[in-house]
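Taking it in order: structure first as structure tokens, then the write-up.
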């Protein structure tokens with residue numbers, strides 16, 4: 031265990047997607063779970079959390095909100111934009127953005143992405159996040175898989191070459207809204223980026239998407255780190271059957287801990303960002319509860335006896351490893367109170 035006299039490491043920067051603070055609609059509550067929340071109101075809510083430093087900003091903004099308005103709201107709340115996420119998954123792109131069979135629609139997607147890249151520049155954000163949720167298919171024989179690959183890869187290449195000064199991250203996900211999304215796994219996304227032949231495209235690993243896709247988030251993180259592609263990450267939780275976007279650590283605390291352990295031993299440093307949809311909960315309270323857990327994870331990483339853990343792993347001793355992890359993680363929850 032760590033010597034108690036050893037100063038603790040500084041906390042990481044925490045962030046959240048602005049959608050965390052929005053209102054939500056599903057196919058049952060089509061009237062929404064709360065009144066609509068504007069982009070500026072979302073920023074104010076994020077600022078009221080008290081421990082957030084960064085937000086991921088959806089684009090376009092809500093009606094009547096300009097880039098100047100967003101910049102002013104971020105400054106007022108002591109926040110910075112880490113990323114800009116263009117909405118290339120709405121009705122206009124129901125048959126895909128990059129892989130849409132209509133070349134005019136594909137061109138419209140690239141136009142929106144180009145506008146979002148300009149917003150990245152204006153806000154001084156770290157990356158443009160690409161989540162083409164409608165790229166994919168729903169039925170066998172619906173698409174030509176070779177054509178899908180060619181369109182998805184060439185479209186991303188075109189976007190990257192048009193914006194060489196911007197870092198672009200792909201957020202993969204196995205399904206929803208399409209029954210099967212094109213960018214559906216860490217491995218396929220890494221292969222697609224390699225095929226692009228550009229150096230400004232990487233991956234944003236969403237912890238819940240990895241769970242939902244049957245991956246080990248830790249193993250996926252290691253794979254992407256080994257290929258120099260883990261440029262950003264989001265955390266949340268789910269029951270593995272759907273992308274529930276629950277508060278982080280509420281279902282899979284040990285796997286969350288393993289994920290951050292993997293980042294630590296690889297020297298990965300970046301924003302610990304929330305991608306959550308608290309449909310029925312108070313959104314600010316949900317963010318604070320999430321950060322409470324992440325701070326405990328950070329303490330536990332300092333307490334974990336890494337040498338002993340590596341010795342247990344070297345002999346494939348699952349029970350020894352579990353005891354070390356449990357002692358560090360679960361004791362850390364109360365330590366911060």
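Numbering (this note's numbering), first residue to last: 31 to 367. Beta carbons: idealized from backbone N, C-alpha and C, even for Gly.
Check, Outcome
"Environment of residue 202 [buried if 16+ CB atoms lie within 10 Å]", "buried"
"Nearest-angstrom Cβ-Cβ length linking residue 232 and residue 263, presumed shorter than 8 Å", "Wrong, their Cβ atoms sit about 11 Å apart, outside the cutoff."
"Paired residues, beta bridge with residue 75 - DSSP", "DSSP lists no partner for residue 75."
"Coarse secondary structure for residue 115, derived from DSSP in three states", "strand"
"Cβ distance (whole Å) where residue 82 is taken to contact residue 109 below 8 Å", "7 Å"
"Bridge partner(s) assigned by DSSP for residue 198", "158, 231"
"Backbone CA spacing between residue 230 and residue 256 [nearest angstrom]", "17 Å"
"Test item: CB-CB of residue 45 and residue 303 under 7 Å", "yes"
"Three-state secondary structure (DSSP) of residue 343", "helix"
"Selection from 147, 335, 130, 170 that minimises the alpha carbon distance to residue 190", "147"
"Between the CA atoms of residue 155 and residue 195 - distance to the nearest angstrom", "12 Å"
"Span separating the alpha-carbon of residue 298 from that of residue 84", "18 Å"
"Bridge-paired residues (DSSP) for residue 139", "Answer by DSSP bridge pairing: none, since residue 139 is not bridged."
"Endpoints, beta strand (DSSP E) assigned at residue 303", "302-304"
"Best match in 210, 170, 234 for proximity to residue 198 [C-alpha to C-alpha]", "234"
"Three-state class that DSSP yields for residue 88 in the structure shown", "strand"
"Residue range of the unbroken alpha helix (DSSP H) whose run includes residue 284", "283-295"
"Alpha-carbon spacing of residue 244 relative to residue 276, whole angstroms", "17 Å"
"Residues near residue 101 by beta carbon distance below 8 Å, same chain, minus five either side", "152, 153"
"Per-residue DSSP class, three states only, for residue 39", "coil"
"Among 140, 260, 283, the one whose alpha carbon lies nearest that of residue 268", "283"
"6 Å CB neighbourhood of residue 167 in its chain, flanking five on each side removed", "173, 210"
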